[in-house]
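Participant:
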Amino acid sequence: MSLDNHDTRISRRKFLLGSAALAGAVPFLSACGGRSDAAAAPTGPPKRGGTLRVGVTGGGASDSLDPHSPVTNPDIARVRNLYEPLVYRDHDFEVSYLVAEKLEPSADSATWTATLRDGIRFHDGRPVTPADVVATFRRIMDPDDPKSGAASLSMLDRVTAKGDRQVEFHLSEPSAVFADYLGQYSLGIVPADFDVAKPVGTGPFRAESFTAGLQSRFVRNPHYWRPDRPYLDELVLINFTEDDARINALLASQVDAIDQVPVALVDVLRSDERMRILSSETGTWLPFTMRVDRPPFDDVRVRQALRLVVDREQMINQVLSGQGRVGNDLYAPFDPAYASELPQRTQNIAEARRLLAEAGKSNLDIELVTAPIQAGAVEAAQVFQQQAKAAGVTVRLRRVDTTTFYGDNYLKWDFAQDFWYTRNYLPQVANGSLPDSPYNETHWQDPEFVRLVRTADRTSDAGKRTRLLKQAQRIEYERGGLIVWGFVNQVDAHQVYVAGLVPDRTGLPLSGYSFGHVWLG
Numbered sequence: 005m006s007l008d009n010h011d012t013r014i015s016r017r018k019f020l021l022g023s024a025a026l027a028g029a030v031p032f033l034s035a036c037g038g039r040s041d042a043a044a045a046p047t048g049p050p051k052r053g054g055t056l057r058v059g060v061t062g063g064g065a066s067d068s069l070d071p072h073s074p075v076t077n078p079d080i081a082r083v084r085n086l087y088e089p090l091v092y093r094d095h096d097f098e099v100s101y102l103v104a105e106k107l108e109p110s111a112d113s114a115t116w117t118a119t120l121r122d123g124i125r126f127h128d129g130r131p132v133t134p135a136d137v138v139a140t141f142r143r144i145m146d147p148d149d150p151k152s153g154a155a156s157l158s159m160l161d162r163v164t165a166k167g168d169r170q171v172e173f174h175l176s177e178p179s180a181v182f183a184d185y186l187g188q189y190s191l192g193i194v195p196a197d198f199d200v201a202k203p204v205g206t207g208p209f210r211a212e213s214f215t216a217g218l219q220s221r222f223v224r225n226p227h228y229w230r231p232d233r234p235y236l237d238e239l240v241l242i243n244f245t246e247d248d249a250r251i252n253a254l255l256a257s258q259v260d261a262i263d264q265v266p267v268a269l270v271d272v273l274r275s276d277e278r279m280r281i282l283s284s285e286t287g288t289w290l291p292f293t294m295r296v297d298r299p300p301f302d303d304v305r306v307r308q309a310l311r312l313v314v315d316r317e318q319m320i321n322q323v324l325s326g327q328g329r330v331g332n333d334l335y336a337p338f339d340p341a342y343a344s345e346l347p348q349r350t351q352n353i354a355e356a357r358r359l360l361a362e363a364g365k366s367n368l369d370i371e372l373v374t375a376p377i378q379a380g381a382v383e384a385a386q387v388f389q390q391q392a393k394a395a396g397v398t399v400r401l402r403r404v405d406t407t408t409f410y411g412d413n414y415l416k417w418d419f420a421q422d423f424w425y426t427r428n429y430l431p432q433v434a435n436g437s438l439p440d441s442p443y444n445e446t447h448w449q450d451p452e453f454v455r456l457v458r459t460a461d462r463t464s465d466a467g468k469r470t471r472l473l474k475q476a477q478r479i480e481y482e483r484g485g486l487i488v489w490g491f492v493n494q495v496d497a498h499q500v501y502v503a504g505l506v507p508d509r510t511g512l513p514l515s516g517y518s519f520g521h522v523w524l525g
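In terms of this note's numbering, the sequence shown is residues 5 to 525.
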């Protein structure tokens, strides 16, 4: 998740000159020039072979190959290619089957039965069995060491094997959307004797070498259940903590693709005929987080006022260079139950001043903790600081590094930021909006909201569930602790000869880091 941002207002000329110097002898195509020897975009059917080198944002000494505890972008990229969950959201954010070929609820939605894909095998050739699935979820739900996906599965009572290819999930309370909870990249199926030092999964690639904070090398999984994939022989993931280093590596052809292009540099890369920009409309969001249990944010009028100081269009234009959509203090925009009927909140300085005066906070002075946790985060904090001045609010920025931000004080900051990839509403609530959620940054624990969410999760009737979720969203909209100012387009870049990368709604970069689909021309 980390990203060492640079000022996105850097002049193009300065960037291009620096890039050319770092690229050395590799020719660089400027905005007003051309290359006659530029590679052509691949055509025809996919070709097998070759090594894909990917520059991935962030990472560090704590990088891991653990399938169930990914934190940084390189962690997630490794997880997505080494392991697979039973089900997952595809590029269009529709549920697709991976290790499982079927997932069915009982009549009361209290038991769900997964049928494993026939003939699916691990990297070492062993068949995937129900016992492996049971052991996987035992590892994830270990009370002494719960993994990141455990919070979404709080209703899971036990997992049992049923025959040669089926597994039953017995829930402590019914869940009509349990498939959504299972469709997380951090729930990859592993063998019962899994050892993170010798990682084995069912993904398109298997681990060859790994150096935390630097590089991972993977090779084709010969036992992959899709017989024609992956097309690549090798996949190399290279960590980059700085924007300029990552982009210069692409320009110098040291990597074939990079994630998270700074939006201010999109046009620069577009001007180079060797490059292609991949822009995806997503549900990714960069909220400001207010602790509702700490002053001054324990006063709902202060929270409402700070939401009203935000000029959301200006945020999209200045922070994202137009690469995004305005938000309305709600998340999960692709959920069928998304409360799009609620009035769009816009900047209203007069009302913000009135609310602050009513709360006795006319000269509000607050600290906002920011860090380069995702492209645009620090810039969003800077723009918010300027917008708040119009309402008489002084915002003192405290910029820390990513390690400090996500260290011991994470979830303790009174006013800070975070970022989330696309999820539907109930899985997102489970991760960040309930009293027992692992990432409840706002310490939100509204009893009425909890009751509505719990009831909705047990409701099989889609119409009734939608009505309940819309009520819950209205509560968050009116008195929640999140400022959701927009949804961020995912912008990545790759060499023209890289094929198979498509827009992806999940919010994960580079087609959801799904490199099993990629081939080289």
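All residues carry an ideal CB built from backbone N, CA and C; glycine is no exception.
1) Thinking A104 and R93 are a contact (beta carbons under 8 Å), I'd like their distance in whole angstroms, please.
2) Buried or exposed for Q348, please, with buried defined as at least 16 other CB atoms from any protein chain shown within 10 angstroms of its CB.
3) On a CA-only basis, which of R82, I370, H521, L368 is nearest G192? Give me that one, please.
4) Just to confirm the assignment: which complete beta strand (DSSP E) runs, minimum length 3, are found wholly within the region 319-405?
5) Starting from D161 and walking both ways along the beta strand (DSSP E), at which residues does that stretch end?
6) Figure out for me which residue from D199, A268, S441, V387 has the closest Cα to the Cα of E317.
7) Could you tell me which of G217, V330, G364 sits nearest to V492, measuring between CA atoms?
8) Please say whether D461 and L430 have beta carbons closer to each other than 8 Å?
9) In whole angstroms, what separates the C-alpha of S531 from that of D149?
10) In the structure shown, what three-state DSSP assignment does E108 receive?
11) Which partner residues of T117 appear in the DSSP bridge assignment?
12) Assuming K166 and P131 form a contact by the criterion Cβ under 8 Å, report the distance between their Cβ atoms to the nearest whole angstrom.
13) Report buried or exposed for I281, applying the criterion of at least 16 other Cβ atoms within 10 angstroms of its Cβ.
14) Indicate, with yes or no, if the ligand COA has a heavy atom lying under 7 Å from the CB of V330.
15) Would A309 and L346 qualify as a contact pair, given that the criterion is a beta-carbon distance under 8 Å?
16) Could you spell out where the alpha helix (DSSP H) holding V238 opens and where it closes?
17) If we count the other Cβ atoms within 10 Å of its Cβ and call it buried at 16 or more, is T398 buried or exposed?
18) Between the C-alpha atoms of N352 and Q391, what's the straight-line distance to the nearest angstrom?
19) Around the Cβ of S40, are there at least 16 other Cβ atoms within 10 angstroms (buried) or fewer (exposed)?
20) Under the three-state reduction of DSSP, which class applies to Q499: helix, strand or coil?
21) What are the start and end residues of the beta strand (DSSP E) that includes E285?
22) In the DSSP assignment, find the unbroken beta strand (DSSP E) run with T61 in it and report its ends.
23) Excluding five sequence neighbours on each side, which residues of the same chain lie with their C-beta closer than 7 Å to the C-beta of D67?
24) From E371 to H447, what does the alpha carbon distance come to, in whole angstroms?
25) Is it buried or exposed, G37, if we count other Cβ atoms within 10 angstroms and call 16 or more buried?
26) Quick one: using the 10 Å Cβ neighbour count with 16 as the cut-off for buried, is A180 buried or exposed?
27) What does the Cβ neighbour count give for N413, buried or exposed, with the cut at 16 atoms within 10 Å?
28) Please state whether DSSP places Y101 in a helix, a strand or coil.
29) Count Cβ pairs between the region 54-67 and the region 233-246 that sit closer than 8 Å; are there 3 or more?
30) Please state if the CB of T470 and the CB of G287 are separated by a distance shorter than 8 Å.
31) In its own chain, which residues sit with a C-beta less than 6 Å from the C-beta of R274, not counting the 5 before and 5 after it?
32) Does P451 come out as helix, strand or coil in the three-state DSSP assignment?
33) Pull up the CB-CB distance for D333 and R311, whole angstroms please, since I reckon it's below 8 Å.
34) Can you give the Cα-Cα distance for L438 and V500, rounded to whole angstroms?
35) In angstroms, rounded to a whole number, what distance separates the CA positions of R230 and A139?
36) Taking buried to mean at least 16 other C-beta atoms within 10 Å of its own C-beta, is G129 buried or exposed?
Facilitator: The relevant details are as follows:
1) Between A104 and R93, the beta carbon gap of about 14 Å keeps them out of contact (Cβ cut-off 8 Å).
2) So Q348 counts as exposed.
3) Of the candidates R82, I370, H521, L368, the one whose C-alpha sits nearest the C-alpha of G192 is R82.
4) Taken in chain order, the unbroken stretches of beta strand (DSSP E) that lie wholly in the region 319-405 and span 3 residues or more are 328-330, 369-374, 398-403.
5) Note, D161: beta strand (DSSP E), 160-166.
6) When only C-alpha atoms are compared, the closest one is V387.
7) For the residues G217, V330, G364, the minimum Cα distance to V492 belongs to V330.
8) D461 is positioned such that its CB atom lies closer than 8 Å to that of L430.
9) What the structure shows of the chain is the stretch from 5 to 525, and residue 531 is not part of that stretch, so it cannot be assessed.
10) Strand.
11) Answer is E108, E172, bridged to T117.
12) Taking a contact as a CB-CB distance under 8 Å, the pair K166 and P131 does not count as one, their CB atoms being some 16 Å apart.
13) Taking a 10 Å sphere around the C-beta of I281, we find fewer than 16 other C-beta atoms and assign the residue as exposed.
14) Absence of the ligand COA from the depicted structure is noted, as is the absence of any ligand whatsoever, leaving it without description.
15) Going by C-beta atoms, A309 is not nearer than 8 Å to L346.
16) Looking at the sequence itself, residue 238 is Glu, so the reference to Val does not match. Per DSSP, E238 lies in no alpha helix (DSSP H) segment; the continuous beta strand (DSSP E) that holds it begins and ends at 238-244.
17) Using a 10 angstroms sphere on the CB of T398, the tally of other CB atoms stays under 16, which defines it as exposed.
18) One alpha carbon belongs to N352, the other to Q391, and they sit about 11 Å apart.
19) Low per-residue confidence applies at S40: pLDDT is 35, beneath 50, and the placement is therefore not dependable, though the value from the model is reported in the following sentence. Per the 10 Å Cβ criterion, exposed.
20) In the structure shown, Q499 sits in a strand (DSSP, three-state: E or B).
21) Segment 279-289, the beta strand (DSSP E) holding E285.
22) Residues 55-61.
23) Short of 7 Å from the beta carbon of D67, and not among the five residues preceding or following it, lie these beta carbons of its own chain, in chain order: T76, P78, D79, A216, G217.
24) Going by the C-alpha atoms only, they are around 18 Å apart.
25) The predicted model places G37 with a pLDDT of 33, which falls under 50 and marks its position as unreliable, so this point remains unresolved.
26) By the neighbour-count rule (16 or more Cβ atoms within 10 Å), A180 is buried.
27) Label assigned to N413: exposed.
28) In the structure shown, Y101 sits in a strand (DSSP, three-state: E or B).
29) The region 54-67 is in contact with the region 233-246.
30) In this structure, G287 lies away from T470, with their beta-carbon atoms at least 8 Å apart.
31) Contacts found: I281.
32) Under the three-state reduction of DSSP, P451 is assigned to helix.
33) Yes, they are in contact, since the Cβ atoms of D333 and R311 sit about 6 Å apart, within 8 Å.
34) Spanning the two alpha carbons is a distance of roughly 45 Å.
35) Distance between the alpha carbons of R230 and A139: 24 Å.
36) Exposed: under 16 other Cβ atoms inside 10 Å.
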